[in-house]
Each structure stands twice: as structure tokens, then as C-alpha cells.
Amino acid sequence: MRIIVQKFGGTSVAKPETREMAAQKIINSYKSGFKPVVVVSAMGRRGEPYATDTLIDLIQGVYRDTHPREMDIIMSIGEIISSTIMANTLRSKGYDAIAVTGWQAGIITDQNYGNANILEVRPDFIRHALKQGKIPIVAGFQGVTENGEITTLGRGGSDTTAAVLGEALRAEFIEIYTDVDGIMTADPRIVSNASMIRYITYSELFQIADQGAKVIHPKAVEIAMNAGIPVFIKNTMSDSPGTMISSRIEKQQHAKGRKGDQLITSIAYVTGRTQISIDTKHGLNEQNTILRRLADNQISIDIINIFPEKMVFTIDGHATEKALEALKDYADGCQVIKNCSKISAVGEQMRGVPGVMARIIQALTARNIDVLQTSDSHTTISCLVKGEDTINAVLALHEEFRLYEQ
Ligand code: ADP
Ligand code: ASP
Ligand code: MG
64 MRIIVQKFGG TSVAKPETRE MAAQKIINSY KSGFKPVVVV SAMGRRGEPY ATDTLIDLIQ
124 GVYRDTHPRE MDIIMSIGEI ISSTIMANTL RSKGYDAIAV TGWQAGIITD QNYGNANILE
184 VRPDFIRHAL KQGKIPIVAG FQGVTENGEI TTLGRGGSDT TAAVLGEALR AEFIEIYTDV
244 DGIMTADPRI VSNASMIRYI TYSELFQIAD QGAKVIHPKA VEIAMNAGIP VFIKNTMSDS
304 PGTMISSRIE KQQHAKGRKG DQLITSIAYV TGRTQISIDT KHGLNEQNTI LRRLADNQIS
364 IDIINIFPEK MVFTIDGHAT EKALEALKDY ADGCQVIKNC SKISAVGEQM RGVPGVMARI
424 IQALTARNID VLQTSDSHTT ISCLVKGEDT INAVLALHEE FRLYEQ
């Protein structure tokens with residue numbers, strides 16, 4: 064069986080017109096001899112009746128502190144609605160499609176509500192359906208614990224469903240259909256001259272996704288990489304070839320004949336970060352205690368700098384109050400800057416090349432953007448800036464590395 068996984072995001076299944084286009088992609092692969100396993104997200108974005116954010120607003124508008132268990136039950140409903148509608152769209156065209164829930168698909172998770180980890184996939188139900196010639200339309204983003212509790216896989220988690228099913232079913236490839244032509248050099252919503260990236264490695268895309276580019280969930284990239292399954296990101300609404308994600312060697316082979324290598328591949332950003340600086344006159348012991356308190360409160364930290372008498376780190380803005388409560392003994396020497404953004408330049412070619420950080424800082428300061436903190440690895444340089452500078456900073460780095468010239 065030549066199985067492929069085709070995943071359609073929220074905007075791709077939101078309206079009858081887009082569902083028509085999604086159905087056509089599925090039918091085309093079916094007619095080409097593939098056995099498509101389809102994964103769908105909830106329909107549309109916030110404000111549309113069955114979108115995930117609408118369901119969250121619905122319950123939280125009435126009961127602010129709904130238990131995470133019930134949150135997951137209500138959040139899972141959007142994908143179930145979407146899978147039944149999409150199955151009917153195909154059936155109305157004469158194709159034998161069936162809606163499949165996360166638990167019918169055998170997505171077994173731990174009990175970490177809201178961001179559950181997949182422990183195992185038992186795809187018997189789907190295999191059986193495929194053998195009968197059916198097209199399974201799986202509700203993404205959801206799983207079930209061994210005890211039968213419904214869980215969700217973290218925001219954007221339908222990509223993760225597609226990746227684990229691809230792995231479990233040994234799919235030939237995975238297609239992620241969305242509302243843009245593929246992976247771009249920056250979020251096209253804020254950089255109008257962002258250009259398409261035709262080939263990218265798993266590890267570069269993982270970094271871009273991990274640094275905030277919503278276009279695919281980083282877990283999905285990691286799973287596909289470990290399983291060695293090629294992934295394509297494509298537009299439901301067009302026939303553009305999309306982006307192919309594969310290993311480094313394949314990328315180089317495909318990239319032959321293109322313009323010279325770029326140092327930076329893409330600029331990503333995350334908003335809503337809080338920076339906390341604490342005076343720590345008692346050195347490492349005190350710093351250890353602070354780190355431990357944050358860990359005990361399940362608060363993860365990022366961009367951390369430790370000096371003999373000071374430490375600076377950033378956290379997710381939603382955790383600010385919890386962190387300040389946990390660190391109230393240090394309130395006197397504590398400075399907090401809320402609503403920061405982390406801007407990251409990602410590129411495997413920058414490994415070992417001197418001067419990239421200097422160019423980044425220069426490009427930002429030339430636009431009067433204050434850099435609050437930086438961090439770097441072999442393939443990623445990140446700068447923390449104030450929230451109001453987000454768009455300007457992304458544009459500055461996109462411009463500096465001439466990413467519009469792919
Ligand atoms: P879906 O509902 O299809 O999963 P998402 O909203 O999760 O769609 O992801 C697609 C969005 O990702 C695009 O509309 C785009 O604004 C955003 N995005 C952010 N960074 C990038 C990037 N580098 N390349 C392409 N899209 C990006
Ligand atoms: N509907 C879920 C979300 O909005 C999952 C997804 O779209 O991938 O996060
Ligand atoms: Mg998504």
C-alpha cells in the first residue's frame with residue numbers, strides 16, 4: 064500500500080470553497096494510486112463558530128478556571144466537527160471517506176492535558192479502513208490516555224498527529240496543506256516581500272518552528288526527521304510546488320543551480336515574552352535557588368545570562384505572575400519588562416562564520432531598536448526586543464540578509 068498523509072489546517076477546511084480545494088487534493092492523490100490518510104484541524108480561526116480559540120473563549124468566558132481535563136474535552140470537539148464535515152464533502156463526490164477520532168486512530172498519550180505527549184500509536188483501525196478502500200479523515204490535535212481520558216497535543220498539534228501517523232503507517236511522505244505557498248524567509252503576514260524557500264533541512268525548519276514560525280509544529284518536524292519521512296508544505300488554495308523538507312544532502316542536491324548560499328535562511332519571532340533581571344549578591348547559591356523555584360513551579364526559562372551578582376532570563380508572559388509569586392523573596396532587586404519579543408535569525412550556513420552577530424546588532428541599532436538580551440547557537444541567533452519593535456526588527460533582519468532575493 065502506498066500510504067501518504069495529507070494534513071489540512073484550519074483555514075483550508077473553514078469554508079465550502081476551501082474544502083472543495085482540499086477535497087480535490089485528496090482525490091488527485093487517490094486517483095494517482097496513493098492511499099491517502101487525511102488529518103484535519105478545527106475549522107477556521109478565532110471568531111469562526113467551531114475554531115479552537117472560539118471553543119476556548121466559549122468555556123472560559125463563563126468559567127475562567129475550567130479544569131484542564133474539561134478544557135481538553137471541549138477543545139477536541141473542533142477537530143471532530145471538521146473531520147465529519149470533510150468526510151461528507153468527499154462522500155458527496157462519490158468517495159468512501161470516514162471520520163476518525165483521535166482515539167479511534169489509536170493516538171495514545173500521557174495525561175499532560177493541553178500539551179500531551181504521544182506515547183504510542185495503534186493504527187489498526189486506520190489500516191483496516193484503508194484495506195477496505197476507505198479514506199480515513201482523522202481529527203487532528205487529539206489523543207486518549209490509557210484510562211480513556213481525552214487529551215490535546217498542544218496548539219498547532221494537528222501537524223503532530225500527521226507526523227505520528229506518517230511514522231506509524233510508514234507513509235511515503237507527508238503533505239501539510241496550509242494558507243501560504245510554503246516555508247518563507249519570514250512570516251508573510253508581516254514581511255510583504257518574504258520569499259519562498261523551495262528546499263529546507265529538517266533541522267533548519269525545526270529551529271524556525273521552535274523559534275515561533277507557526278507554519279508547522281516543531282514536534283512534527285522532529286518526528287518526521289527521526290522517521291526519515293519527507294515532508295512537503297503546500298498551499299491548499301494553489302498548485303504551487305511548496306517547500307520540500309528533507310536531509311541536508313538531499314537539500315544540497317536539489318539546490319544545485321540556485322543562487323549562492325545564504326547565511327541566514329529565515330527570520331522567526333515570538334511575542335509575549337517577559338524579561339526578568341534579579342540582583343543576586345550571594346552568587347551561585349542564590350542563583351541556584353531561583354532556578355529551582357522556577358523549575359518547581361513548572362516555569363521554563365529561555366535566553367538566560369548569569370553574572371557574578373546578577374541573572375537575567377525570559378519566560379512566557381502568561382507565567383509572569385506565577386514567577387513573581389515564586390520569586391517574591393527577591394522582589395527588591397528584581398526588574399521586570401513585560402511584552403517583549405524574541406527575534407531569531409536561523410541558518411545552517413552561519414556555522415563558524417564570524418561577524419553575523421555584529422551585522423544583526425548593527426541592523427537593529429540602525430533602526431533605533433534596543434536589544435535587551437541575545438543568545439546564540441551554531442545555527443540560530445536570537446535577540447530580545449521590546450514588543451513595539453517586533454515588526455521593525457523582523458523587517459530589519461530580513462533586509463540585512465537580503466532574504467527577499469532567494
Ligand atoms: P494552519 O491552520 O494551516 O495550520 P497556521 O496558522 O498554523 O496554519 O500556519 C500558517 C501560518 O504560518 C501562515 O499563515 C503564516 O502567517 C505563518 N508563518 C509564520 N512564519 C512563517 C514562515 N516562515 N513561512 C510561512 N508561513 C509562516
Ligand atoms: N486546532 C488546533 C489549534 O488551533 C490544532 C491545529 O490547528 O493544529 O491549535
Ligand atoms: Mg498550524
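Just so we're on the same page, the working numbering is the position in the sequence shown counted from 1, plus 63. Virtual Cβ for every residue (Gly too), placed ideally from N, Cα, C.
For residue 540, which residues of its own chain have a beta-carbon under 8 Å away from its beta-carbon, when the five flanking residues on both sides are left out?
This structure leaves residue 540 out entirely; the chain is present only between 64 and 469.
Between the region 169-185 and the region 151-161, can you find at least three pairs of beta-carbon atoms closer than 8 Å?
No contact exists between the region 151-161 and the region 169-185.
By how many angstroms is the C-alpha of residue 208 removed from the C-alpha of residue 87?
Computed Cα separation, rounded: 34 Å.
What is the DSSP secondary structure of residue 124, counted as helix, strand or coil?
Correct three-state label for residue 124: helix.
Would you check whether the ligand MG has a heavy atom nearer than 7 Å to the C-beta of residue 277?
Indeed, a heavy atom of the ligand MG lies less than 7 Å from the Cβ.
Please go through the same chain and pick out, in chain order, the residues whose beta-carbon is closer than 6 Å to the beta-carbon of residue 281, but skip the five residues on each side of it.
Closer than 6 Å at the Cβ level, and outside the excluded window around residue 281, lie 269, 272 and 273.
Find the nearest neighbour of residue 457 within the set 197, 252 and 128, judged by alpha-carbon distance.
Nearest of 197, 252 and 128 to residue 457, Cα basis: 252.
Taking the Cβ atom as the reference point for each residue, do residue 443 and residue 407 lie within a distance shorter than 8 Å?
In this structure, residue 407 lies closer than 8 Å to residue 443 by Cβ.
Answer yes or no: do residue 24 and residue 103 have a C-beta to C-beta separation smaller than 8 Å?
Given a span of 64 to 469 for the chain in the structure shown, any question on residue 24 remains unanswerable.
Determine, using beta-carbon pairs with one atom in the region 408-426 and one in the region 452-469, whether at least three such pairs fall under 8 Å.
Yes, the region 408-426 touches the region 452-469.
Which runs of the beta strand (DSSP E), 3 residues or longer, sit entirely within the region 321-358?
The region 321-358 contains these whole beta strand (DSSP E) runs: 329-342.
Could you check where the beta strand (DSSP E) with residue 193 kicks off and where it finishes?
Note, residue 193: premise wrong, no beta strand (DSSP E); alpha helix (DSSP H) at 187-194.
Helix, strand or coil for residue 99? Go by DSSP, reduced to three states.
Three-state DSSP puts residue 99 in a strand.
Between residue 167 and the rest of its own chain, which residues show a CB-CB distance below 7 Å, the 5 nearest in sequence each way excluded?
If we look at residue 167 and ignore the five residues flanking it on each side, its Cβ neighbours are 188.
Where do the ends of the alpha helix (DSSP H) carrying residue 426 lie?
It spans 419-429 - the alpha helix (DSSP H) in which residue 426 sits, taken as one unbroken run.
If I measure Cβ to Cβ from residue 401 and keep anything under 7 Å in the same chain, skipping five residues before and after, which residues do I get?
Same-chain partners within the cutoff: 337, 380 and 383.
With DSSP run on the structure shown, which of helix, strand or coil describes residue 229?
Reduced to three states, the DSSP call for residue 229 is helix.
For the ligand MG, is there any heavy atom lying closer than 7 Å to the beta carbon of residue 250?
No, the Cβ of residue 250 stays beyond 7 Å of every heavy atom of the ligand MG.
Looking at the structure shown, is residue 298 part of a helix, part of a strand, or coil, going by DSSP?
Looking at residue 298 - three-state DSSP - the assignment turns out to be strand.
Grab me the residues of residue 106's own chain with a C-beta within less than 6 Å of its C-beta, minus the 5 sequence neighbours each way, in chain order.
Within the same chain, residue 106 has close Cβ partners 76, 77, 113 and 145.
I'd like the list of long-range same chain contacts for residue 197, defined as Cβ closer than 6 Å, with 5 residues on each side in sequence excluded.
Closer than 6 Å at the Cβ level, and outside the excluded window around residue 197, lie 159 and 161.
Would you decide whether residue 429 is buried or exposed? Buried here means 16 or more other CB atoms lie within 10 Å of its CB.
Exposed is the call here.
Residue 176 by DSSP, collapsed to three states: which one?
Residue state, collapsed to three classes: coil.
Can we say the region 91-99 touches the region 110-130, given the rule of at least three CB pairs closer than 8 Å?
With the cut-off at 8 Å, the region 91-99 and the region 110-130 do not touch.
Between residue 101 and the ligand ADP, is there a pair consisting of the residue's CB and a ligand heavy atom that are separated by less than 7 Å?
No, since every heavy atom of the ligand ADP falls outside the 7 Å radius drawn around the Cβ of residue 101.
Compute the distance between the beta-carbons of residue 249 and residue 330, then report whether it is under 8 Å.
Yes, the Cβ-Cβ distance between residue 249 and residue 330 is below 8 Å.
Straight-line CA distance for residue 232 to residue 66?
Using only the alpha carbons, I get a separation of about 7 Å.
Could you say which of 69, 327, 99 and 71 lies nearest to residue 418 if we only look at CA atoms?
Taking only the C-alpha atoms, the option nearest residue 418 is 327.
Within the same chain, show all residues whose beta-carbon is closer than 8 Å to that of residue 459, passing over the 5 residues directly before and after it, in chain order.
The answer, listed in chain order, is 426, 427, 429, 430 and 432.
Is it right to say residue 134 is buried, meaning 16 or more other beta carbons lie within 10 angstroms of its own, or is it exposed?
With 16 or more other Cβ atoms within 10 Å, it is buried.
Kindly indicate which residue of 367, 176 and 293 has the alpha-carbon position closest to the one of residue 439.
Ranking 367, 176 and 293 by Cα distance to residue 439 puts 367 first.
Give me, in chain order, the residues of the same chain whose beta-carbon lies closer than 7 Å to that of residue 99; leave out the 5 immediate sequence neighbours on both sides.
Around residue 99: 67, 69, 89, 92, 93 and 198.
Measure the alpha-carbon distance for residue 293 versus residue 287 and round it to whole angstroms.
Whole-angstrom Cα-Cα distance: 7 Å.
Just checking residue 142 against the ligand ASP - is the residue's beta carbon closer than 7 Å to any of the ligand's heavy atoms?
Yes - the ligand ASP has a heavy atom lying nearer than 7 Å to the Cβ of residue 142.
Could you give the C-beta distance for residue 137 and residue 202, rounded to a whole number, given that I count them as a contact under 8 Å?
Not quite, the Cβ-Cβ distance comes to about 14 Å (not below 8 Å), so this is no contact.
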